[in-house]
Every structure is written in C-alpha cells, then in structure tokens.
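Chemist: Protein chains in written order, with the working numbering: chain A, 25 to 425; chain B, 144 to 552. Glycine included, every Cβ here is placed at the ideal spot set by N, Cα and C. Okay, handing you the structure first.
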Amino acid sequence: MKKTLLVFWQEYKRHVIRKRFILMVLSIPALIAVVMVVAILGVFLTQDKRPVGYVDQAGYLAIKQLPARVEFSPEPELQLIPYENEKAATTALNEGAIQAYYILSPEFTETGEGKLVYIKTWNGNLAFQFNRLLRLNLTDSMPPEIANRLMEGEEFVITSLDQTRQMSEDAWGNLIVPFAAGLLIMVIIMTAGGYLLQAVVEEKENRTIEIIITSVSPNQLMTGKILGDIAVGLTQLLVWFGFLAGGYFLVRGSVEWVGQIEISTEYLVLLVLVVIPTFITVAALMAAIGSITTELREAQQISGYFTLPIMAPYWFSYLIMTSPNGPLALILSYFPLTAPVTLTMRAGFTQIPVWQLTINIAELVLLAALSLWLAGKAFRAGMLNYGKRLSLKEIFTRASA
Amino acid sequence: MNKTHLILKNELITTIMRPSFIISLLIFPVIMVIVIYVQSVTNMSSSSPAITALTGQTGESHEGYVDESGLIKTLPPEVKDGMLVVFSDITSANAALSEGLISGYYVVPQDFIASGRISYVRADYNPLSGLEASIMFRDVLDFNLLGQDLRLADRFWNPIQVEEITLEETVKRDVTNPMTYMIPYFVGLVLYIVIITSASLLLNSITTEKQSRVMELLMASSSPLQILAGKIIALGMVGLLQTVIWSGTVLIVVNLFNQQSELIAVMQLPFTLIFWVIVYFLLGYAIYAALMAGVGALMPGMKEASQATMLVVMPLLIPLVLSPSLSMTPDNLLSVVLSVIPFTAPVSMMSRLAAGPVPAWQLGLSIALMVITATLTIRAVAGMFRAQALLTGQSFNFVLFFKALLGKA
C-alpha cells in the first residue's frame, strides 16, 4: 500500500508540479477566451450599422419609429428614416447614408406588397426590425393588452410529465450545457489517457522500469500509475471547471442567457457516475497499449483508434439532441465507448429512464473492471518485452505461464 | 542531390506505409460523407426513411391543449384534423399523454393575455424539439388573438411581401440553408488539417531522429540542408496526396448531391477549386513546415515540441473560428485582410473561394505575399538547421527561436 502511494504521488507530481502542465492548463482557457473575443469582435465589427430608409407610397404607416429598446441586445438597433420619394431614397443609398430602403407600394394596405432596394448586401436584422414596425402599425387599433401580447409573443415553459423539470424557452443557454459538458469530458479523458500512455512507454523505452520493478510489484506499480493519472485528469477538470464557474459568475449579472443557466444536482451526479468508470477504462486501456508496444509513436497510433468512438456522438449531435430517445441515441448509449458523451448530451435534452441509466452505467463499470484486469495481464506480459509488439494471444498465454 | 533523393524516398515510404496513415486517409472522407449526408437529409425532410430509422420519429405530430382562458375559438386552416386535440382539463390531458395518444399538450392559463406564459408538457421533455414543435401553437394563439381573421393573421405573419432589388449583381446566398456555410467550412477545415498534419509529421520525424541520435549518424554522411530538403519535399508530397484525395471527395460528394436533389443547388462548387486547393496547400505547407522544422531543430524532445507548436499554428486557427463570417460576407474588410495576410491566407482564402468568386487582384496579392513569406522563412530556418542546433540537448525557449529565425543566434 505504501509503495502504491509512492508510485501514485510520484506519477502525480511529475505531471502536475511542472511549468509545462500549469502552462497547458492555463493556456486552454486563455485560448478559448481569446478565440471568443476575436469571434465576437469579428461579428460586431463587420455588422452594417447604417440606418434603413423607407418610402411609404400608400400612406400606411401611422407609427413611424420603433420604440426604443429597453433590453440590451448584441444586434444593433438600426435607425429607420422616412423618405419623400424613391429618388431621394436612391440618392441616399448611393451616397452610403443608408444601407437599403423599403418601398411600400401604393396598394400596400390591400396587397401587402413592397420592394427592398439595396446595393450588395444588407444586415439581416433589417428585415426583422422593419417587420416589427409594420406589425406595430397593424395592431395599433386593437385593445392595448391584446396588441401588447401579439407584439411581445408568448413564453413557452417546457415541462416534463411528472413536473420535476421545467425550462423556459427564453433560457436557451441551458442547451449549451450538455454540449459543453460532453466536450470537456472528452478532452480530459483523452489528455489523461495520453499521459498514462507516455508514462508507461517512456519508462519502458529508457529501461527505468527494470529498476522500478526490482522493488515494487507490477500490480502496485500499475495501480499507482493509473490512480495517479486519473488524479492528474481530475485536477485538470477541476481547474477548467473553476474557470467556467468563474466566467459564469462574472457575466451572470450582465448577460441574460448566461444568468438563466441552471445545472441540476442530478445532472452533476450523472456526470460523476459516467466520468469515473470511463476514466478508469481509458486509463487502463492506454496502460495496456503502452505495455504491449515498444515505441511512443506506435502507441499513439493505436490509441488513436479509441478516440474515434469517443468522439463519434458529436458527428450525430443534431440527431441525438432532437430525438434523444430514438434508436440511434439508444444504440450509442449501450455501446460503452460512445456512452459517456451520448449520455451527457441526452440527459440535457430528455429524461432518461432510470432502468436504462442503470444498465448503461453498469456496463461502464463492468468495462472498467475488465480493462483493469486486461491492463494487469498485458503489463506483466509486456513490461520487459522489447523490440516486438505482443499479440492478444500472447498476453494471455504468457501471463498464465 | 543524390542524398536528398535518398532521404526523400525513405521518408516517403515509411510515412505512407504506416497503417495509421492509410486509415486516416480513408476515414476522413467516410466521416465527411456521413455527416454531409445526415445533415442534408435531415434538412430536406425529417421523415425520410433513413432518418426515421435513426430517430424513431415519424414526423407526424399529435398534440393537445387545455384552454383555461377561453381564448381559442377556432383553429387556423393550416392545422389539420387530429394534429391538435382539445382537452377539458389537465387530468384528461395527462391521461392521454400517459397512454401515448399525444406527444405533448399546452396549457393556456386564465391570465394568458396579461402574462403570456404557456406551459408546454412534453412526454420526452426535449427543449430543442419543443421549440420547433411549438411554432404551430404560436400560430394558433396569434390567429385567435387577431379575432380569427385569416387575412389579418396572414398580414401579421408576413407583414410585407418583398421583391428584392439589388443595384449591383452579386452571388445570392441562401442564409437559411446550413450548407451555405457548411461547405466553405469543410473546405477550410480540409486545408487546415492537411497543413497541420503534414507540418507536424515533419516535426515528429525531426524530433524522433534527434532524440534517438539517428540524426547524428545521418549528419556523418549528408549535410543538414540535404536532410531538411529531403524531409520537407517528402512530407509535402504526402500532404499533397491527402489534399487531393480529401478535397476531391468533398467536390465529388457535393456535386453528386447536387445532381440528386435541389439541396445544395445553391452551392455550385467549380472543379477549378481543386487547383486553388493545391496552390494554397503548397504555399501554406511551405510556410508552416519551415516554422515547424525550426521548432524541431531547437527542441530537445517531442513533449517540448508539442507545446510550442500550439503557438505556431494559432494564426491558421483564427480563420477557422471566423468561418461563418468568411462564408456569409466574403467581401468585407475582415475577410479580405485575413485572406491576404500570409499566415491566415490558406484557410481564409479557401473558405472564401468555396463561398463564391474572389477578385483576381486579391488572389494575386495573397499568393505573392505567401511566396515571399515562404522564401524568407525557409531561408531563415535553413540557417537555423545547422549541425550545432541539431546536436545539443539545449532546451527550447521562444527568445532563442526568434533570434535564430532572424539569424542572430
């Protein structure tokens, strides 16, 4: 036990207490922040914020301006400018004073027909705002509370059958959570697995392992290493989660959709239940690959095949999110390697029946135990084996011999 | 020259013959075909047989509502019989939902006109499908708020029938079709992946040989420049093969879908695109491979190298993040600037070319700038690729890297 702890601590220390690890852990949130700022700035700077003109040939518009917006919105508020006739509007358009103009035909009240004249492109928000102005005029003569309801629209609150879960459609920020959680888990699993692979192959490559096993049993070494690397992965997860939480509390007050994000305890519990066995499985499989191969390059190639199924649910994310109980989503949750990401996504969009969850998680745990056992065998058979990759058959015959 | 040729041949054979290379060469097109297919079929109709098999949804909806406010008197004609059933109270609606007769129901509360809140109970509690499904009920509410006047309701839903007139003819972009930005994004992504993978193959090959001291043996019989040239050309050829196969698949798949349906008709990809892909790959590769080789020359091992590459490839990542903006507004200042700067040009220019035609002067300018940058970086890195740097176990730092690039180290 003491030796396992030693190995564990050594493995944890050599990865975490290093400038490189700290740099890596901090650089990813920084990178994401930079990318987000660049993307938002890019969209913001390329928006056309010039006003929009209109020529009301039908004399239809009683209200000529939209009321000022109260809430903040990233979309610019485009000013609407009335023009006497088409000629004046064309001149303004050619001078660049406006980005486009509408013409309401003289028979607009009956037909609803009109034209939109622009040079090359126009801001998508323009049609939205002009339509709003037209609707405002349409509902002007109605009782104020009905007109107000029509203009404001309805707020749908989606509720589950047993009333335990509720989400307002305005709180669409919640839809990001399962997507982001899946991504976070995937990245962590793969980096932590990569560490373990490196740890085993490297020591084998420079023959340190021969010295280590003179004083530690293979089982102690393996347990220590696997636990150590899982701890590394969890450290990383905690740091990134801390950044996410920090960002959340920072902008919660000012950005509405962020403030509406809620994460239930059940969801967190599910995440933990899914992540831990998956972590163990991937770590053990990586250790097994590390012990049967002889070179880091070769090991990385083989481990690449495992990352494909873990990623696969993302290619079908749209289908999984829109029909979280369909056959595809079910198949992907029953297959252990695709289950972690699929389950985290599905849980955000539906209520997964408890019996299904039980089977899925039991499968993950079973697979974790199986991979640990396999890793132990492979490690004993392969740790002192150089120059040649072991076959699956050899792992079992040699270990028992 | 003979020695360069030997190194080239060896590098080429060992890279191409690896199973992982062959697998990734084939897997990428397969994934792309599946994703494009699924995307386009879901787009076309949610009730096609293939999609129904995957989602288990037939596309027919049966929902109910409970109207406590007495607002709903008639349903608009677009709502067909049986699509929306009225229930007298929540208990009976719940019973129907539990039996699976309906997939969900809406409750219009008494104070609806004042509060605007509608409770929408769904058996599967899916906020995403819920947003889509509730569009119909919104129309029902609007229709009744407007006094069941169909003409008025039509005017409310479509306030103006617009005839669009443009004073300057340009390519029309269908904003609602996801393919409009998916395709340029894919083309950009292909270029990003091939440039990065072939450049990191080079880095990998240099650092492994350096670490295992094969490099020292090699240098006993050939000059560092011969080694560098052999490796760059060989891995460039490998990358070119990948580029041609991958972008060829994108072209063929997109044009096949074109013939079958109207789906991607908005996105005609010209076959000359493949020519530009090759040009931009070669130039982009020359720049990034040289930079990576520089990193590899100064780096003691693979672990240190992968840390440094992150910073080197950053510029290539920026246009990928801005891809929506590049494909929707390919003519604005940001897009032009990004596609002229040599480090961001390959991905940005390819996204723009896939989105529509690009003025010739911009193509010319970006290619000229890239050629100049590539020549300068290769020359700078060749100076860095000296015996001394390749031998020592000196650890890497960026000050040294830039000093060496400028020829001052």
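Just reading off the alpha helix (DSSP H) that T217 of chain B is part of, what are its end residues?
Modeler: Premise fails: T217 of chain B is in no alpha helix (DSSP H) and is neither H nor E.
Chemist: Tell me the residue span of the beta strand (DSSP E) that contains I376 of chain A.
Modeler: Neither: I376 of chain A is in no beta strand (DSSP E) and is coded neither H nor E.
Chemist: Classify T115 of chain A: buried if its beta carbon has 16 or more other beta carbons within 10 angstroms, exposed otherwise.
Modeler: Per the 10 Å Cβ criterion, exposed.
Chemist: Given this structure, state the Cα-to-Cα distance separating K228 of chain A from T350 of chain B, to the nearest angstrom.
Modeler: Computed Cα separation, rounded: 19 Å.
Chemist: At 9 Å on the CB atoms, spell out the chain A contacts of N269 of chain B, in chain order.
Modeler: Chain A residues near N269 of chain B: I182, M345, T346, S347, P348, N349, F373 and T374.
Chemist: Going along chain B, which residues have a C-beta under 9 Å from E136 of chain A?
Modeler: The question names Glu, but residue 136 of chain A is Gly in the sequence shown. Going along chain B in sequence order, the residues near G136 of chain A (Cβ under 9 Å) are D297, R298, N301, P302, I303 and Q304.
Chemist: Using Cβ-Cβ distances below 8 Å, what residues of the segment 148-165 of chain A are close to chain B?
Modeler: Correct list: G148, A151, F154, N155, L158, R159, L162 and T163.
Chemist: For the structure I just gave you, are there three or more beta carbon pairs, one from the segment 379-397 of chain B and one from the segment 418-425 of chain B, closer than 8 Å?
Modeler: Yes, the segment 379-397 of chain B is in contact with the segment 418-425 of chain B.
Chemist: Please go through the same chain and pick out, in chain order, the residues whose beta-carbon is closer than 6 Å to the beta-carbon of G373 of chain B, but skip the five residues on each side of it.
Modeler: Excluding residues within five positions, the ones whose Cβ falls inside 6 Å are T147, I150 and L151.
Chemist: If we cut at 8 Å on Cβ distances, does G328 of chain A have a partner in chain B?
Modeler: Yes, G328 of chain A lies at the interface with chain B (some Cβ there is under 8 Å from its Cβ).
Chemist: Using a beta-carbon distance below 8 Å, is E221 of chain B in contact with chain A?
Modeler: So, not an interface residue.
Chemist: When DSSP labels each residue in this structure, what does R294 of chain B get in the three-state scheme?
Modeler: Helix.
Chemist: Using 10 angstroms around the beta-carbon of L429 of chain B, count the other beta-carbons present and answer buried if the total reaches 16, otherwise exposed.
Modeler: It should be noted that the sequence gives Ala, not Leu, for residue 429 of chain B. With 16 or more other Cβ atoms within 10 Å, it is buried.
Chemist: Would you check if the segment 203-216 of chain A and the segment 259-271 of chain A touch, i.e. whether three or more CB-CB distances between them fall below 8 Å?
Modeler: As far as the Cβ criterion goes, the segment 259-271 of chain A touches the segment 203-216 of chain A, which means the pair count is three or higher.
Chemist: Answer yes or no: does any C-beta atom of chain A fall closer than 8 Å to that of G331 of chain B?
Modeler: So no, G331 of chain B is outside the interface.
Chemist: Please compile the residues from chain B whose C-beta is within a distance smaller than 8 Å of the C-beta of N230 of chain A.
Modeler: Near N230 of chain A there are no residues of chain B at all, since even the closest Cβ is about 11 Å away, more than 8 Å.
Chemist: Pick from A:L55, A:L309 and A:M48: whose alpha carbon is nearest that of L460 of chain B?
Modeler: Nearest C-alpha to L460 of chain B: A:L55.
Chemist: Which of the residues in the segment 256-285 of chain B, read from start to end, lie with their CB under 7 Å from any CB of chain A?
Modeler: Cβ contacts with chain A come from I256, A257, G259, R260, I261, S262, Y263, V264, R265, A266, D267, Y268, N269, P270, L271, S272, G273, L274, S277, R281, L284 and D285.
Chemist: Since D80 of chain A sits in a beta bridge, which residues does DSSP pair it with?
Modeler: Per DSSP, A:L128.
Chemist: Excluding sequence positions up to five away, which residues of its chain have a Cβ less than 6 Å from the Cβ of E405 of chain B?
Modeler: Residue placement at E405 of chain B is poorly supported in this model, since its pLDDT is 48, which falls under 50; the coordinates still yield a value, given next. Closer than 6 Å at the Cβ level, and outside the excluded window around E405 of chain B, lies no residue.
Chemist: Within 7 Å: the Cβ of S231 of chain B and any heavy atom of the ligand MG?
Modeler: Annotation note on the ligand MG: not contained in the displayed structure, which lists no ligands.
Chemist: For Y328 of chain B, which residues in the same chain have their Cβ closer than 6 Å to its Cβ, ignoring the five residues on either side in sequence?
Modeler: Within the same chain, Y328 of chain B has close Cβ partners S466.
Chemist: Are at least three pairs of beta-carbons, each pair with one atom in the segment 393-405 of chain A and one in the segment 240-249 of chain A, less than 8 Å apart?
Modeler: With the cut-off at 8 Å, the segment 393-405 of chain A and the segment 240-249 of chain A touch.
Chemist: Reducing DSSP to helix, strand and coil, say where R522 of chain B ends up.
Modeler: The answer is helix: DSSP assigns R522 of chain B an H, G or I state.
Chemist: Quick check on T183 of chain A: does DSSP put it in helix, strand or coil?
Modeler: Looking at T183 of chain A - three-state DSSP - the assignment turns out to be strand.
Chemist: Is E307 of chain B close to chain A? Criterion is C-beta to C-beta, closer than 8 Å.
Modeler: True, the Cβ-Cβ gap to chain A drops below 8 Å.
Chemist: What number of angstroms, rounded off, separates the C-alpha of L506 of chain B from the C-alpha of D292 of chain B?
Modeler: Going from the Cα of L506 of chain B to the Cα of D292 of chain B covers about 56 Å.
Chemist: Considering only C-alpha positions, which residue in the set A:E101, A:D253 and A:D164 is nearest to K37 of chain A?
Modeler: Taking only the C-alpha atoms, the option nearest K37 of chain A is A:D253.
Chemist: Does the Cβ-Cβ distance between V306 of chain A and G217 of chain A come in under 8 Å?
Modeler: Closer than 8 Å, so yes.
Chemist: Give a yes or no on whether 8 Å exceeds the smallest Cβ distance from S163 of chain B to chain A.
Modeler: Yes, S163 of chain B counts as interfacial toward chain A.
Chemist: Report buried or exposed for N301 of chain B, applying the criterion of at least 16 other Cβ atoms within 10 angstroms of its Cβ.
Modeler: By the 10 Å Cβ count, N301 of chain B comes out exposed.
Chemist: Which residues in the same chain have their Cβ closer than 7 Å to the Cβ of I576 of chain B, if we skip the five residues on either side of it in sequence?
Modeler: Residue 576 of chain B cannot be examined here, being either before or after the span of chain B that is shown, 144 to 552.
Chemist: Who pairs with S192 of chain A in a beta bridge, going by DSSP?
Modeler: Partner(s): A:V181.
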